[in-house]
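Engineer:
In this note's numbering, the protein residues as written are 221 to 582.
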């Protein structure tokens, strides 16, 4: 049965979370439409798509992993299964060769051959258990790269600090062996993706707190070579030395961001759009989820943005979905974006325990 977008039903569906927001409060460009794919996924965070079209969704505090199947292929009859429970902050999900990889703070676990066992999911198998146990920035977005390696971030366990073994991006083989560092100076990336045209890795990074409402900006970064350092904790947003850890340092020694996404917007998941449903101007653009600020005098973020590129430069940055923030009141928090094979776009919202589907027609 198609989900009815009312406050009452939202409260009944997920009593521990906010109600699904009335979609008429959301603003999209002309021709775009947003509907509820499901509102039965409490704490929904990262998404991944299986070979058969199953949408896998991680969560944070509730410790669950979900599998969504669109039985009619039109987003109007979505079946939700919980395929794992009791995991520690299982934010990240990544599908590879039939298996679902899940992050769980210090561990990476795998559910084997998952799409053939949705109704009787296998017990998660631990393939790596030597990640840090710190939970501050210990929830991990994960993804497989074009090199068939699993990329796993190790965020700084603090607002601002300088600790060995943290603030970096790593990668490992699918069996958990061969872990190695990819890049350093990354405070807390909760979203990264590869551009199909050149296989380059792009990622968001969340800036530190306690430098004021307007400093520093979150970053959109691009890795050009192994071992790059993106500044944290010494330099922020490519041009601002940290008042404590920046002494004796120079921002010129670190890789600057491709683009400043705004202060405290909490930039999370991002994907390149390569579908054919949206207008041609969206092809090759980055779609970015802004989760929203938590400690800014005036709230910021709470949108889904489109960054259009010319080469490696952002030439425009504008909202695709706006309206989750109105008069300082928050009705939704975008966490990740996931294009589907038909060209539509899914958006996860952990505040409402919902996944939205964005479509376009002339």
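Using N, Cα and C, we set each Cβ at its ideal position, and we do this for glycine too.
#1: According to DSSP, is residue 245 part of a helix, a strand, or is it coil?
#2: Is residue 336 helix, strand or coil by DSSP?
#3: Compare the C-alpha of residue 489 against each of 470, 563, 570 and name the closest.
#4: So, using beta-carbon positions, are residue 314 and residue 363 closer together than 7 angstroms?
#5: In the DSSP assignment, what are the bridge partners of residue 494?
#6: Helix or strand or just coil, what does DSSP make of residue 472?
#7: Check residue 437 in the structure and name its three-state DSSP category.
#8: Where does residue 403 fall in DSSP's three states?
#9: Going by DSSP, name the residue or residues bridged to residue 482.
#10: Could you tell me the alpha carbon to alpha carbon distance between residue 482 and residue 438, rounded to whole angstroms?
#11: Beta carbon of residue 391, beta carbon of residue 369: below 7 angstroms?
#12: Thinking residue 621 and residue 333 are a contact (beta carbons under 8 angstroms), I'd like their distance in whole angstroms, please.
#13: What's the gap between the Cα of residue 401 and the Cα of residue 244?
#14: Enumerated in chain order, which unbroken segments of the beta strand (DSSP E) with a length of 3 residues or greater are wholly contained in the stretch 297-366?
Structural biologist: By the coordinates alone:
#1: helix
#2: helix
#3: 570
#4: yes
#5: Beta-bridge pairing links residue 494 to no other residue.
#6: helix
#7: strand
#8: strand
#9: 438
#10: 6 angstroms
#11: yes
#12: No answer is possible for residue 621: the residues shown for the chain start at 221 and end at 582.
#13: 45 angstroms
#14: 298-304, 313-316, 319-324, 327-331, 345-348
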